[in-house]
Structure formats: structure tokens, C-alpha cells
Amino acid sequence: MPYKVDALTRSVSRCASQTAWHIQSAFLGHSRHYTGPSIDDIRQEDIEAVQRFRAKFSRGMIPYKNFTTTFQRSGGAGGQNVNKVNTKVYMRFSLNEQTWIPKYIRVRMRELDAKRINSKGEYLVTSEKTRSQKHNLEDCVDKVWESLERASTLPKGPDEETIKRVEGLKKIEKTRNKENKKRHSERKASRQRGRSDDL
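Residue numbers (my numbering): 14 to 212.
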């Protein structure tokens, strides 16, 4: 019987521990599957730089004219100008040289859009969305802006209710661990007394 009680106690303790871990993983950014930094992992100066950038910067301020832009013939279906006019747009730039983008955002762009980084370390976007060179150029700028928006989105911290819930589970787990140690000490003392009685 004592063995069954001990096994049940260990099982309950494991369940409490696993529940606490899963809630921490889901809400405090400690998931086994890495999706990005938690707000606690980011330096305060980087947070402030990103916040300033998001407050002041807009799509129209992207200095795309300073980027390297080339045009090629589009391979898509279309009218009489298809494969005759260079409407496909290639736009690329070195992320390291774009000092107008905060460092944290540049790092996140590399992480989120790794497939857009070429062998030279340049960020590359292309478009052949329309039959218009001008519209495809605008589409490339849109893609850069969307990437900046994603990369500059800071992770949210846990709300107060979640923090209280996790802390509550931690306290429960700590109490159960103390109870388990106490039971273990009592059983050990009981066995030692039993051996003394046999002598």
C-alpha cells in the first residue's frame, strides 16, 4: 500500500510540474519550438529604437531609389507585350548598410526572410505581378514594407492573469515537493525504527 501511495504522489507532482511548464512555454516565451525572442530577451535600448522607428517611419520613407533595381522580361501569361518588355523587377540591397533600419529589425529580417537573402548577403525581392514595370516596382516596395512591419513587431509580454496563474502553479508544485520530502523522511525514519526493533 505505501508503494501505491508513493507512486500516486510522484504522478501528481509530475502532472503539476508539466502543467506549470506548458503554461510558461505558451505565455512566457519558453516554447521548445523557437518562434522568436521573448520581450525579456530584448535589450531595452533595442526596444526603444524599434518603438521610435515604428512611430515615425512610413512606407513612403523607404529609400528604394538607393537600392539596386534591375528589370527583366516577365515569363508570365499576358498580352502582346509579354516577353518583349522588361516588366519583371528585381530589387536588392545590403541589410548591413541600411543604417536607417534599427539593428534589431535587420536581425529579425534575416531570421524571418532567410530565403530572400542571397549569397552576397543582400536582401532580394522580385515582382512580376502585373504587366506594368511601374506597378511591379511598387509591389517590391510593398514587400519590403511588409517585411519591415513583421520584423519590427515586438513580442507581447504575459498579462497579469497569466503571471498569477503560473505563480500559483509554482507554489502548488513547491508545496507538493515539500510534502513528498516530508513523507520520504517519515518512511525512512519508520524503516530505521523497524530495524532497531528487530535487533
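Ideal Cβ placement from N, Cα and C applies to all residues, glycine included.
Query, Result
"Top-ranked residue by Cα proximity to M122, from F80, T166 and I60", "T166"
"Neighbour-count burial assignment, P115, 16 or more Cβ in a 10 Å radius", "buried"
"Environment of N79 [buried if 16+ CB atoms lie within 10 Å]", "exposed"
"Bounding residues of the beta strand (DSSP E) (the contiguous stretch that carries Y103)", "K101 to S107"
"Option nearest N109 by Cα separation, candidates Y103, V102, I118 and K101", "I118"
"Residue environment, S140, which counts as buried when at least 16 other CB atoms sit within 10 Å", "buried"
"Own chain partners of W158 with C-beta closer than 7 angstroms, once the 5 adjacent residues on each side are dropped", "R72 and I75"
"Start and end residues, beta strand (DSSP E) containing V98", "No beta strand (DSSP E) holds V98; DSSP gives it neither H nor E."
"R178 beta carbon less than 7 angstroms from that of L125", "no"
"Sequence-distant residues of the same chain with beta carbon closer than 7 angstroms to P168, five excluded per side", "G42, G49, P50, S51 and I52"
"Distance between beta carbons of Q146 and F84, contact taken as under 8 angstroms", "6 angstroms"
"Classification of N149 by the beta-carbon crowding that lies within 10 angstroms, buried from 16 upward", "buried"
"Backbone CA spacing between Y103 and T82 [nearest angstrom]", "6 angstroms"
"Per-residue burial, E199 [other beta carbons within 10 Å of its own, 16 or more giving buried]", "exposed"
"Enclosing alpha helix (DSSP H) for E162 [first to last residue]", "Q146 to A164"
"Per-residue burial, T100 [other beta carbons within 10 Å of its own, 16 or more giving buried]", "buried"
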